[in-house]
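One structure below.
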Amino acid sequence: MRKKITQTTLKAIKATDKPYEIIDTELKGFLLRVQPSGKMTYYYTYRINGRRARYRIGQYPGVKPVPARDVAEQLAGKVANNIDPQAEKKQIKKKEERLAL
Numbered sequence: 012m013r014k015k016i017t018q019t020t021l022k023a024i025k026a027t028d029k030p031y032e033i034i035d036t037e038l039k040g041f042l043l044r045v046q047p048s049g050k051m052t053y054y055y056t057y058r059i060n061g062r063r064a065r066y067r068i069g070q071y072p073g074v075k076p077v078p079a080r081d082v083a084e085q086l087a088g089k090v091a092n093n094i095d096p097q098a099e100k101k102q103i104k105k106k107e108e109r110l111a112l
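Counting in this note's numbering, the sequence shown runs from 12 upward without gaps.
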């Protein structure tokens, strides 16, 4: 389903037997995945170096649509500069683990 992801849209969403995705019509790659349990998670999907990837932004209602869209826009900027947000996230996690030791 293609629709602009807004607070109003999220309030009208109903869970179904199977998971489904709402793809935002305003920001390419921004989407919301709805699970049968009713759990809703924001993602940003992108393609870098010929490889498709998906970055998990957060869950609704903890993260509202506007901040989630802002994060997706920042990620889109990184991808446009040929920076893989997923790889960057892994590097930061490795550094944090080394510092914790």
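We treat Cβ as the ideally placed atom computed from N, Cα and C, and that holds for glycine. Being a predicted model, the structure only gives us computed values, none of them experimental.
Reduced DSSP secondary structure (H/G/I, E/B, other) of residue i
{"i": "Thr56", "result": "strand"}
{"i": "Leu21", "result": "helix"}
{"i": "Ile103", "result": "helix"}
{"i": "Leu112", "result": "coil"}
Residue j beta carbon less than 7 Å from that of residue i
{"i": "Leu42", "j": "Tyr54", "result": "yes"}
{"i": "Leu86", "j": "Pro96", "result": "yes"}
{"i": "Ile37", "j": "Lys15", "result": "In the sequence on display, residue 37 carries Glu and not Ile. In contact: Glu37 and Lys15 (Cβ atoms closer than 7 Å)."}
{"i": "Gln18", "j": "Pro30", "result": "no"}
{"i": "Ala79", "j": "Ile94", "result": "no"}
Cross-strand partners of residue i (DSSP beta bridge)
{"i": "Glu37", "result": "Paired residues: none, contrary to the question."}
Exercise for review: Quick one: which unbroken beta strand (DSSP E) runs of 3-plus residues sit fully inside the segment 46-96? Chain order, please.
Suggested key: With a minimum length of 3 residues, the continuous beta strand (DSSP E) runs that stay inside the segment 46-96 are 51-59 and 62-71.
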